[in-house]
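**Q**
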Amino acid sequence: MSKKKKLTHKTAKAAEPAAQAEELREQIRHHEHAYYVLDLPEISDAEFDALFLDLRRLEDDHPELVTADSPTQRVGGEVSEQFAKVRHRSPMLSLQNAFDEDEIRAFDRRVRGAIGSDVHYCAELKIDGLAISLTYEHGRLVRAATRGDGTVGEDVTANLRTIRSVPLTVDPIPGLPPVFEVRGEVYFPIAAFERLNAEVEAQGKPRYVNPRNTAAGSVRQIDPNVTASRDLQTFMYTLDPGGPCRSQWDVLTSLQKMGFRVNKHRRRLASIEEVVEYHAEWQRRRHELEHEIDGVVIKVDRFDQQLELGFVARSPRWAIAFKYAPEEAETDVEEIACYVGRTGVLTPVAHVKPVVVGGVTVRNITMHNEAQVNEKGVYVGARVVIHRAGDVIPEIVSVKEPKQGWRMPRKCPVCGGKVVREEPYIAHRCINPFCGAQRLERVRHFASRGAMNIDGLGYATISQVIDRKWVADPSDLYRLTKEQVVELEGFAAKSAEKLIAKIADSKRPSLGRFLYALGIPQVGEATADLLAVEFGSIEKLGSATAEQLNAVEGIGPSMAGEVQQYFEGQGGELVGRLLAAGVQPEAMEAHGGGPLTGKTFVFTGTMDGMGRPEAEALVRRLGGKAASSVSSKTDYVVAGPGAGSKLEKANKLKLTILHEQQFLELIRE
Ligand code: IVH
32 MSKKKKLTHK
42 TAKAAEPAAQ
52 AEELREQIRH
62 HEHAYYVLDL
72 PEISDAEFDA
82 LFLDLRRLED
92 DHPELVTADS
102 PTQRVGGEVS
112 EQFAKVRHRS
122 PMLSLQNAFD
132 EDEIRAFDRR
142 VRGAIGSDVH
152 YCAELKIDGL
162 AISLTYEHGR
172 LVRAATRGDG
182 TVGEDVTANL
192 RTIRSVPLTV
202 DPIPGLPPVF
212 EVRGEVYFPI
222 AAFERLNAEV
232 EAQGKPRYVN
242 PRNTAAGSVR
252 QIDPNVTASR
262 DLQTFMYTLD
272 PGGPCRSQWD
282 VLTSLQKMGF
292 RVNKHRRRLA
302 SIEEVVEYHA
312 EWQRRRHELE
322 HEIDGVVIKV
332 DRFDQQLELG
342 FVARSPRWAI
352 AFKYAPEEAE
362 TDVEEIACYV
372 GRTGVLTPVA
382 HVKPVVVGGV
392 TVRNITMHNE
402 AQVNEKGVYV
412 GARVVIHRAG
422 DVIPEIVSVK
432 EPKQGWRMPR
442 KCPVCGGKVV
452 REEPYIAHRC
462 INPFCGAQRL
472 ERVRHFASRG
482 AMNIDGLGYA
492 TISQVIDRKW
502 VADPSDLYRL
512 TKEQVVELEG
522 FAAKSAEKLI
532 AKIADSKRPS
542 LGRFLYALGI
552 PQVGEATADL
562 LAVEFGSIEK
572 LGSATAEQLN
582 AVEGIGPSMA
592 GEVQQYFEGQ
602 GGELVGRLLA
612 AGVQPEAMEA
622 HGGGPLTGKT
632 FVFTGTMDGM
642 GRPEAEALVR
652 RLGGKAASSV
662 SSKTDYVVAG
672 PGAGSKLEKA
682 NKLKLTILHE
692 QQFLELIRE
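Residues 32 to 700, numbered by the working numbering, are exactly what the sequence shown covers, in order.
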């Protein structure tokens, strides 16, 4: 399996069929291992497929040459109606849990109290999948089983054989008995899970809830072809009996040697401080992984010490799961409110009974529009599953008993104005331009970080100055006086002076920031920068025709129309008032070849404030290249939510990965 010689396609030709078949099998096993276990493919997918086809043809012509462990036999023909029950040779135990530092330190004290201070821990990631057991006899996989209740599991051999990182044959390390068992975890890689969900969505079927349940469902399919189509993966961590191994660390090394997939982030740690650090490191880095983890597992490394510690109930005393806060939780929808944005668009927000997800208390979940509320089947009183991964915004993954029929209000919840749905948009809008909510949101957007960046001018202050009728639009901010600000709640002489100074400091923004601050419909940060580079001044942009705008790469007809109409109407008046108040936007220039000359960008996933075409056009306008696929020649990968295989590849190639905000910062540098 781990032979170093580079096997090539050609060596298998011309020999006797039996020898040819064996040679092809060897090659395929080698490349399966390189690809699925080591993540280090040596040949292209097409070359691999060619080898596979050669073997399949040969076996078709000579059926007597087919062996049970041939790579072509991963998917057997059988569809079983029920899984046979399997009694485990030794029970599959579970782990005690620790949820915080105190609990993990208490574990360490118990361990040291029992066996003394000469302890090393083997630390591993806790893979969020399902436990499986693989039994080998004379180097051949004979049975695969789920954990079941720990004593009796289900025989899922036909299904697990289809997972390419599960070796059908192995070279056991010297000293292992003829029958041994390997245990570990099957999981659904996030990218594969996203792909599956994209597929089911395209077929109009409901999305799968999470990778773990879907992995479990995929392993328990009656048709192995379904399991085979799911791109499941494995990590193995137990060898029973351990044979010559003297520690957990030895086991992991030996499993890897035998061709099993073993997680590379394992570490041998000398103290509980290092354990705490390891736990914190992977809490921070968990989203770099291609799979979900729900904690780390800490095991006393040496087997003689494990033996001394023994077991309590159904868990070993020598191991513990040091968990992370769950990223999914169930709660109830108490209300669906509607918020009015700066362009008047109404956004439904589900207020839920507060619940901790991914370490943060979630109370509100924003949904996009009426259609989305109904697609998910959300309503007041619904029991919902909420997901929040890392710094990702919480979302409703599923509804226990979905119901359709939720409607947007017909009147604006803030000003009582008329709410319309302008075809073809799916959004509902309050069309009263004097709506207080819109006014507030416009000023808030104007002052926000990506826009004029007026530090210290938050929601509370803006609502006060609007309520007092000192500010009706952003240009009024520049007329505020220190005497006025002092009167506001939360201000004293010094802080008022500071705010006035900050407002004055914002008078020379880059043209890109200024355009973004105006809040022109459809113009996000990247588009604003693009227009700024393209037109150079607010006067030129303000007088551009829709045709001239549309001629810019990255600006489509609908956006061109919005920009032109904006300047022709009330937007143009606002710009006039801002310039009169002393605001002087500075042009952004692409010097010479442009600051991004020679740099290649790839965009993947969705972005909040910009569309991909605009972002790509901006890169090109600044001299860079926007490519569609990731390679070692890519300089930056800009990744947003939903990024899949491109992000995975970028990680593998150790490329620089930027989030949307980092991309914009880079552009503005
Ligand atoms: S060791 C006796 N190591 O966590 C110890 N378990 O509650 C057996 N798991 O059922 C488990 N990653 O499914 C171990 N690196 C890891 C693990 C791991 C995930 C799961 C496993 C087990 C559960 C324990």
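Cβ coordinates follow ideal geometry from the N, Cα and C atoms, glycine included.
Candidates N241, F291 and F598: which alpha carbon is nearest A575's?
**A** Nearest C-alpha to A575: F598.
**Q** Looking only at its chain, what residues have a beta carbon closer than 8 Å to the beta carbon of Y667, apart from the 5 residues adjacent to it on each side?
**A** Here the set comprises K630, T631, F632, V633, L686, T687, I688, L689, F694 and L697.
**Q** Hey, W437 and E401 are a contact pair by Cβ (cut 8 Å); roughly how many whole angstroms apart?
**A** That pair is a contact at about 7 Å.
**Q** Decide if E232 is buried, meaning its Cβ has at least 16 other Cβ atoms within 10 Å, or exposed.
**A** Counting Cβ neighbours within 10 Å, E232 comes out exposed, since fewer than 16 surround it.
**Q** Are at least three pairs of beta-carbons, each pair with one atom in the stretch 337-350 and one in the stretch 370-388, less than 8 Å apart?
**A** Not touching, per the Cβ criterion.
**Q** Which one of N294, E308 and A535 has the shortest CA to CA distance from L300?
**A** Here the closest residue by C-alpha is E308.
**Q** I'd like the span of the alpha helix (DSSP H) that includes N581, first residue to last.
**A** That run of the alpha helix (DSSP H) goes A577 to N581.
**Q** For V614, collect the residues of the same chain with a Cβ closer than 6 Å to its Cβ; drop the 5 residues on either side in sequence, then sort them by chain order.
**A** Cβ neighbours of V614 beyond the five flanking positions: K538.
**Q** If you run the structure through DSSP and keep just helix, strand and coil, what is V383?
**A** Residue state, collapsed to three classes: strand.
**Q** Run the proximity test for E216: is its beta-carbon closer than 7 Å to any non-hydrogen atom belonging to the ligand IVH?
**A** Result yes, Cβ under 7 Å from the ligand IVH.
**Q** Using CA atoms only, rank isn't needed, just tell me which of C369, E406 and K407 is closest to N395.
**A** Nearest option by C-alpha distance: C369.
**Q** Three-state secondary structure (DSSP) at S663?
**A** Here S663 sits in coil by DSSP.
**Q** So what does K330 bridge to, in DSSP terms?
**A** Answer is C153 and A350, bridged to K330.
**Q** Is the shortest distance between the beta-carbon of S164 and the beta-carbons of chain C less than 8 Å?
**A** In the displayed structure, chain C is absent; only one protein chain is listed.
**Q** What do you get for N241, buried or exposed, if any count of 16 or more other CB atoms within 10 angstroms of its CB means buried?
**A** Flag for N241 reads buried.
**Q** What span of residues does the alpha helix (DSSP H) with E53 cover, start to end?
**A** Segment P48 to E63, the alpha helix (DSSP H) holding E53.
**Q** For A350 versus I367, is the C-beta distance shorter than 8 Å?
**A** No. Outside cutoff.
**Q** I'd like to know if the stretch 528-543 and the stretch 552-564 are in contact, where contact means that at least 3 CB-CB pairs between them fall below 8 Å.
**A** Touching, yes, given that three or more Cβ pairs across the two stretches are closer than 8 Å.
**Q** Quick check: the stretch 289-299 against the stretch 153-161, are at least 3 beta-carbon pairs closer than 8 Å?
**A** Touching, per the Cβ criterion.
**Q** Who are the Cβ neighbours of C461 in its own chain at under 6 Å, not counting the five residues just before and after it?
**A** The residues are V371, G375, C443, G448 and V450.
**Q** Give the DSSP bridge partners of D363, in chain order.
**A** Per DSSP, R414.
**Q** Where do the N-terminal and C-terminal ends of the alpha helix (DSSP H) with A491 fall, by residue?
**A** Where A491 is concerned, the enclosing alpha helix (DSSP H) stretches over Y490 to D498.
**Q** Note down, in chain order, each residue of its chain lying with its Cβ closer than 8 Å to the Cβ of E691, except the 5 sequence neighbours on either side.
**A** If we look at E691 and ignore the five residues flanking it on each side, its Cβ neighbours are M638, D639, G640, M641, V669 and G671.
**Q** Applying the criterion that 16 or more other CB atoms from any shown protein chain within 10 Å of the CB defines a buried residue, is L609 buried or exposed?
**A** Burial call: buried.
**Q** For the alpha helix (DSSP H) that L96 lies in, which residues bound it at each end?
**A** Neither: L96 is in no alpha helix (DSSP H) and is coded neither H nor E.
**Q** Any heavy atom of the ligand IVH closer than 7 Å to the Cβ of I158?
**A** Within the cutoff, so yes.
**Q** At a cut-off of 7 Å, would you count R178 as near the ligand IVH, judging by its Cβ distance to the nearest heavy atom?
**A** Yes, the Cβ of R178 comes within 7 Å of a heavy atom of the ligand IVH.
**Q** Would you check if the distance between the CB atom of V106 and the CB atom of T200 is smaller than 8 Å?
**A** It is not a contact, given that the beta carbons lie outside the stated cut-off.
**Q** Considering only the alpha carbon of each residue, which of V474, V217 and A65 lies closest to W501?
**A** Here the closest residue by C-alpha is V474.
**Q** With I396 as the anchor, note down where its beta strand (DSSP E) starts and where it stops.
**A** Start and end: V391 to T397.
**Q** Distance, Cα to Cα, P209 vs G215?
**A** Approximately 20 Å between the Cα atoms of the pair.
**Q** Rounded to whole angstroms, what's the CA-CA distance from A611 to D507? Just pull it up for me.
**A** Each residue's alpha carbon lies about 11 Å from the other.
**Q** Look up Y67 in the DSSP assignment and say whether it is helix, strand or coil.
**A** Residue state, collapsed to three classes: helix.
**Q** Answer yes or no: the CB of S479 versus the heavy atoms of the ligand ZN, is any distance below 7 Å?
**A** With respect to small molecules bound, the structure shown includes the ligand IVH and not the ligand ZN.
**Q** Straight-line CA distance for H40 to S249?
**A** A caution first: H40 carries a pLDDT of 48, below 50, which makes its placement in the model too unreliable to give a value.
**Q** Might you give, ordered along the chain, the residues of its own chain that have their beta carbon closer than 7 Å to the beta carbon of I303, omitting 5 neighbours on each side?
**A** Excluding positions up to five away in sequence, the list reads I135, R136 and D139.
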